[in-house]
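Worksheet for the structure shown next.
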Amino acid sequence: MQDEHSRHFLVVVPLTLIAEDLAQVLRDAQPGARVMMATTASEAMNMLRDGVPISAAFIELRIEEAASSGLIARLRELGARIVLMRDDMPEGLGPCHLLDMPFSDAHVVQLLKTFG
17 MQDEHSRHFL
27 VVVPLTLIAE
37 DLAQVLRDAQ
47 PGARVMMATT
57 ASEAMNMLRD
67 GVPISAAFIE
77 LRIEEAASSG
87 LIARLRELGA
97 RIVLMRDDMP
107 EGLGPCHLLD
117 MPFSDAHVVQ
127 LLKTFG
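Mapped onto the working numbering, the consecutive letters of the sequence shown carry residue numbers 17 to 132.
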């Protein structure tokens, strides 16, 4: 994993208020980290064109949308840990982490600690 000052996070959440809240928690937990926000899978895919390694991607989309758009595959290519913002793990998606909604700052920080 990159050092904390070069970490890049991607937040893909349709509701801007939730995305902004999570982005702020990530910035507070990892000062110097860059947080990109998207509301759709296609918007996120456009952000990933430059190939910047992503430390973790927090996704609150229908799994079918995230997978069929190529977003999950692209994130894996970029070395991202995938965090699904839901309460269950879909089958066949590969290794992912869960962040229950509604999330707490402490839960996000604890999850980041498990990443190293």
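A virtual CB, placed ideally from N, CA and C, is assigned to each residue, including glycine.
- Counting along the chain, no alpha helix (DSSP H) covers phenylalanine 119, and no H or E run does either.
- By the criterion of a C-beta distance shorter than 7 Å, glycine 86 is surrounded in its chain by Met61, once the five residues flanking it on both sides are discounted.
- Taking all protein chains in view, the Cβ of methionine 101 is crowded by 16 or more other Cβ atoms within 10 Å, so the residue is classified as buried.
- A buried status is given to alanine 35, since no fewer than 16 other beta-carbon atoms sit within 10 Å of its beta-carbon.
- For histidine 113, the beta-bridge partners assigned by DSSP are Val99.
- Rounded to the nearest angstrom, the Cβ distance from phenylalanine 25 to alanine 49 is 6 Å, consistent with a contact under 8 Å.
- Counting other Cβ atoms within 10 Å of its Cβ, serine 71 reaches 16 or more and is therefore classed as buried.
- By DSSP's assignment, histidine 24 forms a beta bridge with Arg50.
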